[in-house]
Amino acid sequence: MKTMLDIVSLETIASHQQLFLVERVGRKTLLFIGLAGMCLCSLIIALALLAVELHWMGYVSMVGIFGFVALFEIGPGPIPWFLVAELFNQGARPSALALAGFSNWTFNFIVGMCFPSLEEYMGSSVFFIFTGLLLLFSFFTYHKVPETKGKSFDKISAGFMLKKIPGTQPEQSNEVQALQSDSQVGSIFRMK
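According to UniProt numbering, the sequence shown is numbered sequentially starting from 1.
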């Protein structure tokens, strides 16, 4: 019971810290730090559980668990909701948020249902799956997720406006062509 209270307290403190950091540091940075840190913590948990015969590894795994929870509350917990709200215009935002919420709960359900079977089959090595996935998500975030801090929807959309294909002239992306009908971005670029 005490450990559960410690985790809930940590979640509360980390969530409050995120409120102060999001406007100072930026959404992409917090998301990347959270995912990369969770990847490291997941690796620590996996390695600690493989060496469970060493009595002090229990403490190492607890550090990994607490770190994982704190980093989730700073990055991947709240930041995707900021991004979804900022990447879509007013007309598409409710549908995007509904799809994001549905996806979030669907994958939470899948992880919750599959984890016991995977853990039974793989033992503590199951955490290496999470480590690998978090590494992929970190890489994707670093290279593909735009920073939205302090930018209007039109500026964010303009960042998607041109795709550069090596050896060719930049061309307009299909996503932006669809957005042009719903935003001022289209009128800004048609005037040129």
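Built from N, CA and C at the ideal position, the CB exists for glycine as well.
Limits of the alpha helix (DSSP H) - the one that residue i falls within
i	result
V111	R93 to M122
V69	M57 to I74
V84	I79 to L87
A51	Where A51 is concerned, there is no enclosing alpha helix (DSSP H), given that its DSSP letter is neither H nor E.
V126	V126 to K144
residue 199	The requested residue 199 is not part of the displayed model; the chain covers only 1 to 192.
Distance, residue j Cα to residue i Cα
i	j	result
G58	A100	36 Å
Y121	M113	14 Å
E11	S152	30 Å
R93	P80	13 Å
L30	L21	8 Å
F139	C39	11 Å
I74	H55	31 Å
Cβ distance (whole Å) where residue i is taken to contact residue j below 8 Å
i	j	result
L49	S124	3 Å
K144	R27	That pair is no contact at about 13 Å.
Y142	F32	5 Å
Exposed unless 16 or more other CB atoms sit within 10 angstroms - verdict on residue i
i	result
C41	buried
F68	buried
A98	exposed
S157	buried
L136	exposed
I44	buried
P76	buried
S103	exposed
A51	exposed
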